[in-house]
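Take 328 as the starting number for the sequence shown in the working numbering and just add one per residue. Where is the CB? At the ideal position from N, CA and C, for every residue including glycine. Let me begin by presenting the structure, written as structure tokens, before commenting on it.
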Amino acid sequence: MQVLVIGASRGIGLEFVRQYRQSGAQVVATARSEEALATLRGLGATALKLDVADTASASGLAWQIDGHVFDRVIINAGIHGTRTKGLQTPPQDEFDAVMRTNVLGPMRILPQLSDYMAPGARLAILSSRMGSMALRDSTASWLYRASKAGVNSVLRDASLALQGRVICVAFHPGWVKTDMGGSGADLTVDESVAGMRGQLSQLTAADNGAFLNYDGQPLAW
Ligand code: NDP
Numbered sequence: 328m329q330v331l332v333i334g335a336s337r338g339i340g341l342e343f344v345r346q347y348r349q350s351g352a353q354v355v356a357t358a359r360s361e362e363a364l365a366t367l368r369g370l371g372a373t374a375l376k377l378d379v380a381d382t383a384s385a386s387g388l389a390w391q392i393d394g395h396v397f398d399r400v401i402i403n404a405g406i407h408g409t410r411t412k413g414l415q416t417p418p419q420d421e422f423d424a425v426m427r428t429n430v431l432g433p434m435r436i437l438p439q440l441s442d443y444m445a446p447g448a449r450l451a452i453l454s455s456r457m458g459s460m461a462l463r464d465s466t467a468s469w470l471y472r473a474s475k476a477g478v479n480s481v482l483r484d485a486s487l488a489l490q491g492r493v494i495c496v497a498f499h500p501g502w503v504k505t506d507m508g509g510s511g512a513d514l515t516v517d518e519s520v521a522g523m524r525g526q527l528s529q530l531t532a533a534d535n536g537a538f539l540n541y542d543g544q545p546l547a548w
């Protein structure tokens, strides 16, 4: 099995690399820092330098993965932003950074992938339940929520474009103990990623375009 993980320096992305390597898969993983690239190489992954928020860096993905045919693609890179509280207008630079990373990032990566995925491959974007409009129960993190609602739309369009060839899903990974999720979160990265890997293996064509919890429960958009 060949796996591509975009944004794998730490947290959920790094755990995908660990678990897929443990299962014997060939893994290509991206990170931004030399230190993270070395960590990925130490796990036996092919490490590529890539910043989804940088036009030149992100647009070079296709030539970096030439020759690969992936069975799994995980688009994981994401940021939350730290300065936008409640319903305050976000500072322009924070709005730009969150939207550029969480929405434009996948829009830069997805168009480059279609020649590099095996028939029946599974593609997952790490979204969030916080992006759901149907399940909205708080106004906290409205910038992050807007970005994840945006990437949910992106995933739906990708699922139409790739229909019949690739099964595409948006995942809520649960509330996970990472730098973003914090130490008080419910799940370890191990539990969350094991759940999502299991779900990816079980998907059928009918699941294309679904929004799923890490344990496979469907979520309302
Ligand atoms: P972390 O903050 O722990 O890790 C974020 C990852 O994204 C890092 O590898 C980081 O790389 C990478 N990244 C950020 N910006 C860029 C960029 N411009 N280019 C490339 N990589 C980038 O977050 P988590 O592991 O917790 O989250 C992973 C995904 O899951 C995110 O999309 C997040 O929104 C989503 N999620 C997480 C939840 C949780 O409870 N943890 C809940 C719901 C969704 P670097 O080290 O270089 O910064």
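- For Leu375, the uninterrupted beta strand (DSSP E) segment begins and ends at 373–376.
- Asp420 carries a helical assignment under DSSP once its states are collapsed to helix, strand and coil.
- Your pair Val379 and Ile436 checks out as a contact, with CB atoms roughly 6 Å apart and the cut at 8 Å.
- Between Phe538 and Leu546, the C-beta spacing is below 7 Å.
- Counting along the chain, Asn479 sits inside the alpha helix (DSSP H) bounded by residues 469–488.
- Secondary structure note for Val379: it is in no alpha helix (DSSP H), with a DSSP letter that is neither H nor E.
- The alpha carbon of Ala485 has as its nearest neighbour, out of Gln439, His499, Leu527, the alpha carbon of Gln439.
- Its Cα nearest to that of Ala385, the residue Gly334 stands out among Glu361, Thr466, Gly334, Arg368.
- In this chain, the alpha helix (DSSP H) harbouring Gln529 covers 516–529.
- Considering only Ala532, Asp517, Gly509, Trp548, the residue with the shortest C-alpha distance to Asp542 is Asp517.
- Contact annotation: Arg449 and Leu341 have beta-carbon atoms that are not nearer than 7 Å.
- Its Cα nearest to that of Ile402, the residue Ser455 stands out among Asp393, Ser455, Gln419.
- The ligand NDP has a heavy atom closer than 6 Å to the beta-carbon of Ser336.
- If you draw a straight line from the Cα of Met444 to the Cα of Phe397, it is about 5 Å long.
- Shown here for Gly432: same chain residues with a beta carbon closer than 6 Å to its own, the five before and five after excluded, namely Val379, Ala404 in chain order.
- Annotation: Asp420 to Gly501 spans about 28 Å, alpha carbon to alpha carbon.
- Within 6 Å of the C-beta of Val503 there is at least one heavy atom belonging to the ligand NDP.
- Nearest Cα to Gly369 within the set Thr382, Leu377, Val355: Val355.
- The DSSP-derived three-state label of Leu539 is strand.
- Of the candidates Met460, Leu462, Gly447, the residue whose Cα lies closest to the Cα of Asp534 is Gly447.
- Contact between Arg348 and Ala372 holds, with the beta-carbon distance rounding to 6 Å and staying under 8 Å.
- DSSP places Gln349 in no beta strand (DSSP E) but in the uninterrupted alpha helix (DSSP H) bounded by 338–349.
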